[in-house]
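Visitor:
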Amino acid sequence: MDARKAKQGAKVVAGTAIVGGAGVALSSLMGPIGLLALIAPLSALAIRKGESGFDEVKSAAELIRATSTALYLHSFRSATYASAIAAQMGFRSDRVKHVHGAALVHDIGKVAIDRELLERPGPLSEEEFEEVKRHSVLGEQILLESIAQPEFAKWVRHHHERIDGTGYPDGLSGEDIPIESRIIAVADAYDAMVGGTGEPAHPYRECIESKDAIEELYRCSESQFDPSVVDAFDQVLRQGDTLFES
Ligand SMILES: [Fe+2]
37 MDARKAKQGA KVVAGTAIVG GAGVALSSLM GPIGLLALIA PLSALAIRKG ESGFDEVKSA
97 AELIRATSTA LYLHSFRSAT YASAIAAQMG FRSDRVKHVH GAALVHDIGK VAIDRELLER
157 PGPLSEEEFE EVKRHSVLGE QILLESIAQP EFAKWVRHHH ERIDGTGYPD GLSGEDIPIE
217 SRIIAVADAY DAMVGGTGEP AHPYRECIES KDAIEELYRC SESQFDPSVV DAFDQVLRQG
277 DTLFES
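Counting from 37, one number per residue, gives the positions in the sequence shown under our numbering.
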């Protein structure tokens with residue numbers, strides 16, 4: 037894609053992102069480089085507006101919303117779960133807030149992946165799955181360019197690592213995986229299984245009951261998930277159904 041086209045696409049899509057419009061296939065308009073061109077102005081705008089960096093997170097979340105409403109809702113719910121887990125694990129309130137922000141943008145790399153691949157009902161080929169897996173590294177790149185806290189980018193990079201070291205992109209294991217990424221992994225997986233009210237997190241996947249999802253998280257702890265994070269999440273869910281009410 038030539039620079040002029042990328043710039044035009046960025047302009048159109050930036051406007052859409054800011055007003056929160058939905059359904060724009062960003063990846064068909066621009067590659068990751070074009071996306072960085074888009075995020076940078078959003079970031080500059082946010083830096084002028086606020087000092088905490090959270091306005092930048094908000095802009096990034098708006099970009100997700102403009103790309104896919106389903107992805108935005110998944111991100112929003114995952115952030116709610118992740119921050120509740122962090123609070124349950126005794127994180128200080130500013131750290132809880134950071135976990136919330138990072139979880140909100142954990143899948144931002146997907147804005148640079150072909151939507152057709154992300155939403156296809158059938159199974160993906162090995163090559164296609166490899167393409168989808170790039171979203172964690174693309175997310176890191178986008179955030180490094182746009183968000184003041186570099187640790188957000190690192191946590192996003194590692195949200196698909198597994199405790200047993202067979203995850204991606206770096207095959208980190210155990211405590212080498214940042215705790216924030218381990219928390220996001222559990223929140224993300226739970227929401228992918230349970231979805232929203234009567235609505236799956238992914239268009240092609242059936243929702244399952246919360247109790248079955250927790251059972252699955254426990255079944256995969258030690259291999260995929262940090263057992264202490266799964267325990268904390270179980271505690272959160274046992275405390276009642278008030279996560280989305282405040
Ligand atoms: Fe992801």
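We put the beta carbon where it would ideally sit given N, CA and C, even for glycine.
Computed from a predicted structure; not experimentally measured.
Do SER111 and ALA223 count as a contact pair if the criterion is CB distance below 8 Å?
Guide: Counted from its first residue, the sequence shown places residue 223 at position 187. Counted from its first residue, the sequence shown places residue 111 at position 75. For ALA223 and SER111, no; Cβs fall outside 8 Å.
Visitor: Near SER246, what residues of its chain come up, given a Cβ to Cβ distance below 6 Å and the 5 sequence neighbours on each side ignored?
Guide: What you label residue 246 is simply residue 210 of the sequence shown in a count that begins at 1. The residues are VAL230.
Visitor: Just to confirm, is the Cβ distance from PRO205 to SER182 under 8 Å?
Guide: To locate residue 205, count along the sequence shown from 1; it is residue 169. To locate residue 182, count along the sequence shown from 1; it is residue 146. No, the Cβ-Cβ distance between PRO205 and SER182 is not below 8 Å.
Visitor: Note the first and the last residue of the continuous alpha helix (DSSP H) segment covering MET367.
Guide: The chain is shown from 37 up to 282; residue 367 falls before or after that span and cannot be answered.
Visitor: When we look at the beta-carbon of ARG274 and count the other beta-carbons within 10 Å, is it buried (16 or more) or exposed?
Guide: Indexing the sequence shown from 1 puts residue 274 at position 238. ARG274 should be labelled exposed.
Visitor: Can you tell which of ILE219, SER259, GLU251 and VAL147 has its C-alpha closest to the C-alpha of TYR108?
Guide: Residue numbering aside, residue 108 sits at position 72 when the sequence shown is read from its first letter. If we check each option's Cα against that of TYR108, VAL147 comes out closest.
Visitor: SER257 by DSSP, collapsed to three states: which one?
Guide: Taking the sequence shown and counting its residues from 1, the one referred to as residue 257 is at position 221. The answer is strand: DSSP assigns SER257 an E or B state.
Visitor: By a C-beta neighbour count over all protein chains shown, 10 Å radius and 16 as the cutoff for buried, is LEU253 buried or exposed?
Guide: Translated into positions along the sequence shown, residue 253 becomes position 217. With 16 or more other Cβ atoms within 10 Å, it is buried.
Visitor: Whole angstroms are fine: how far does the CA of GLY175 sit from the CA of SER264?
Guide: Within the sequence shown, numbered from 1, the residue matching residue 264 stands at position 228. Within the sequence shown, numbered from 1, the residue matching residue 175 stands at position 139. Distance between the alpha carbons of SER264 and GLY175: 26 Å.
Visitor: Regarding PRO224 and ligand 1, is the C-beta to nearest heavy atom distance less than 7 Å?
Guide: Position 188 of the sequence shown holds residue 224. Note that residue 224 corresponds to Asp in the displayed sequence, not to Pro. Because some heavy atom of ligand 1 lies under 7 Å away, the Cβ of ASP224 counts as near it: yes.
Visitor: Thinking just about the alpha-carbon of each residue, which of GLY158, HIS142 and ARG128 is nearest to the one in ASP227?
Guide: The residue labelled residue 227 in the question sits at position 191 within the sequence shown. Nearest option by C-alpha distance: HIS142.
Visitor: In angstroms with no decimal places, state the Cα-to-Cα distance between LEU160 and ASP150.
Guide: Within the sequence shown, numbered from 1, the residue matching residue 160 stands at position 124. Within the sequence shown, numbered from 1, the residue matching residue 150 stands at position 114. Spanning the two alpha carbons is a distance of roughly 13 Å.
Visitor: Between which two residues does the alpha helix (DSSP H) containing PHE188 stretch?
Guide: The sequence position of residue 188 within the sequence shown is 152, counting from 1. Where PHE188 is concerned, the enclosing alpha helix (DSSP H) stretches over 186-193.
Visitor: Would you say ARG198 and SER257 are within 8 Å of each other, going by their C-beta atoms?
Guide: Sequence index remark: in the sequence shown, residue 198 carries index 162 (1-based). Sequence index remark: in the sequence shown, residue 257 carries index 221 (1-based). Not in contact: ARG198 and SER257 (Cβ atoms no closer than 8 Å).
Visitor: Over what stretch of residues does the alpha helix (DSSP H) that includes ALA115 continue unbroken?
Guide: For the purposes of this step, residue 115 is identified with residue 79 of the sequence shown, where counting begins at 1. ALA115 -> alpha helix (DSSP H) spans 105-124.
Visitor: Using 7 Å as the cut-off, classify the Cβ of ASP143 as near or not near the heavy atoms of ligand 1, replying yes or no.
Guide: One-based indexing of the sequence shown puts residue 143 at position 107. Yes, Cβ of ASP143 sits closer than 7 Å to a heavy atom of ligand 1.
Visitor: Buried or exposed, going by whether 16 or more other CB atoms sit within 10 Å of the CB of PHE165?
Guide: Numbered from its first residue, the sequence shown carries residue 165 at position 129. By the 10 Å Cβ count, PHE165 comes out exposed.
Visitor: Can you tell me which of LEU179, ARG170 and PHE269 puts its alpha carbon nearest to the alpha carbon of ASP91?
Guide: One-based indexing of the sequence shown puts residue 91 at position 55. Nearest option by C-alpha distance: LEU179.
Visitor: Considering only residues of the same chain and omitting the five flanking positions on each side of LYS133, which have a CB-CB separation below 8 Å?
Guide: Here residue 133 refers to the residue found at position 97 of the sequence shown. Counting only Cβ-Cβ distances below 8 Å, and skipping sequence neighbours, we find PHE90 and SER119.
Visitor: DSSP three-state label for SER275, please.
Guide: Numbered from its first residue, the sequence shown carries residue 275 at position 239. As written in the sequence, residue 275 is Gln, which differs from the Ser given in the question. Of the three classes helix, strand and coil, the one that applies to GLN275 here is coil, per DSSP.
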